[in-house]
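Just so you know, we're using UniProt numbering here: the sequence shown kicks off at 1 and counts up by one.
Glycine residues also receive a C-beta, built at the ideal position from the N, C-alpha and C atoms.
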Amino acid sequence: MYGFGSPLPLCVKHATFVNEIHSPLYKGARIVPTTVDRPQFSAPELQIRSVDYGFFGPGSPTWKVWTAPTAAIGFQRAVALEHFDPALTAAVADLGGIYDDPFGRLDHTFAYFLIAAVGDSQMAIEASEHLMAVHAKSTGIDPVTGRRYSANNPDSQLWIHVTGWHSVLKCFEMYGPGPLSPDEEARYWEECVIAAQLQTCKGSGVPASRAEVREYFEQVRPSLCVSERARRGMHYLLFTPYSKGARLWLGAHLMAPAAISTLPRWMRELGGFELPWGLEVVYRPLVRAAVAAAASHPEALSAGLRQTIGPMTGKLYHQHITVSPPSTPSVVTVEDARKRYGRLGRGQSSSAS
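Written out as structure tokens, the structure reads:
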């Protein structure tokens, strides 16, 4: 079994560092992102699984990987990698939410991934529609490319989705129980395709296997780059300053070396976050030991997530490990769930009645 840390995946030979402050696009652009106050999603007021088992169910590799302690490390890795997409960097930088309220933004984002993975179909559809409504208000001009960006752009959403699922699996393999069985891994990537239906991703472009994930990264690498704003965002999320709270500072600084250690050499150099010599050798076994301890104490893990990621994520994870079986203990398709719980589906049902 080969891992994603080898030179083949994510080997972006054409990725570049762009000094956008000295770019004529940056100097002359009048960037006016369309923003409004971010609406809140009431996930903590809902039970994570009331109506069904969602799209994957108990025993699925998605449940296994996304509820492991390593998911927190993979999540930090993923939100840093988002900044290799210049359009996403522009969206994040223009909104500025990660700097104003990093605790809240990280909490909402991780909560969404957790809901998509282990929540019931009603909560997943409502969270998906909420996320797309928030993203619809995030548009502007990317100063690196000069193109208009939209947070709901299918290509950008695919980058978020693939790097998220890839990062969480990578950290599961590296710091957790190890690689999934061949059958489990095949199913994991099939479930990744299913989860992508909750976003604006084009179904035909979602990788459905490890080999296709490699091909995807090869295809997108010419469009990736790192700018000054991208580096700032990456470093801010990996090493959040103490001024944003001791809990977030401690959690970020403890997980950052583990997340960085999973990245290919080129990405560390381009991102400007190379680790000190020898730290990886010492850090990896310590992380594995900490992960094993956390896995054997799920209540403590729930409390840790609440403190370092956020209250919504912590509460959802606590519900995951304590909630009773749903009213209908079965899995459903995204299409059927959207017809039943989506805004369009609810509107059609109301019209018919």
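Can you check whether the CB of residue j is closer than 7 Å to the CB of residue i?
i    : j    : result
L238 : A80  : yes
A259 : Q47  : no
E274 : S261 : no
F172 : V287 : no
Y112 : L88  : no
M234 : H108 : no
G97  : R105 : yes
Y283 : P241 : no
K85  : W165 : In the sequence on display, residue 85 carries Asp and not Lys. It is not a contact, given that the beta carbons lie outside the stated cut-off.
F55  : V323 : no
P69  : K244 : no
A151 : S138 : yes
L305 : A294 : no
Give me the Cα-Cα distance between residue i and residue j, rounded to the nearest whole angstrom.
i           : j    : result
R187        : P61  : 7 Å
V162        : C192 : 8 Å
G314        : P207 : 30 Å
G278        : W249 : 23 Å
Q122        : P276 : 46 Å
E299        : G310 : 15 Å
G59         : P285 : 27 Å
L114        : T67  : 8 Å
G205        : V213 : 10 Å
E269        : E218 : 19 Å
H253        : L180 : 28 Å
E190        : V168 : 15 Å
I141        : S156 : 14 Å
P182        : K170 : 15 Å
C201        : V334 : 14 Å
A230        : N153 : 18 Å
K339        : E129 : 13 Å
V226        : V291 : 31 Å
V220        : S209 : 17 Å
S353        : Q307 : Note that S353 scores 40 on pLDDT, short of 50, meaning its location in the model is unreliable and no value can be drawn from it.
residue 357 : E215 : Residue 357 lies beyond the range of the chain shown here (1 to 353); nothing can be said about it.
R49         : G251 : 28 Å
H318        : A303 : 8 Å
E184        : G57  : 14 Å
T145        : E228 : 14 Å
Throw me the rounded Cβ distance for the residue i and residue j pair, which I believe falls under 8 Å.
i    : j    : result
Y149 : A78  : Rounded, the Cβ-Cβ distance is 19 Å, inconsistent with contact.
I73  : Y236 : That belief does not hold up - the Cβ atoms of I73 and Y236 are roughly 17 Å apart, past 8 Å.
V51  : P326 : 6 Å
P329 : Y53  : 6 Å
H320 : V134 : Incorrect: roughly 24 Å between the Cβ atoms, too far for contact.
L198 : A116 : 5 Å
Could you check where the beta strand (DSSP E) with residue i kicks off and where it finishes?
i    : result
R148 : R148 to S150
T163 : Looking at the DSSP string, T163 is not in any beta strand (DSSP E); the run it does join, the alpha helix (DSSP H), is P154 to Y175.
V226 : C225 to S227
Counting C-beta neighbours from all protein chains within 10 Å, is the total for residue i 16 or more, i.e. buried, or is it exposed?
i           : result
R343        : exposed
Y341        : buried
P143        : buried
R147        : exposed
I125        : buried
G203        : exposed
D120        : buried
H297        : exposed
A246        : exposed
A211        : exposed
residue 361 : Residue 361 is absent from the structure shown; the chain starts at 1 and stops at 353.
G271        : buried
A337        : buried
A195        : buried
M1          : Annotation note: pLDDT 29 at M1 (below 50); position unreliable, coordinate value reported separately. It counts as exposed.
A71         : buried
E20         : Low per-residue confidence applies at E20: pLDDT is 45, beneath 50, and the placement is therefore not dependable, though the value from the model is reported in the following sentence. Buried.
Residue i lies in the alpha helix (DSSP H); which residues open and close that run?
i    : result
G74  : T70 to L81
I141 : First-last for I141: T139 to I141, but that is the beta strand (DSSP E), not the alpha helix (DSSP H).
Q307 : P298 to T308
D107 : P102 to V118
A337 : V334 to Y341
G245 : Counting along the chain, G245 falls outside any alpha helix (DSSP H), and DSSP gives it neither H nor E.
L95  : P86 to L95
T322 : P311 to T322
Please tell me whether residue i has its Cβ less than 7 Å away from any Cβ of chain B.
i    : result
M255 : In summary, chain B is missing from the structure at hand, where a single protein chain is found.
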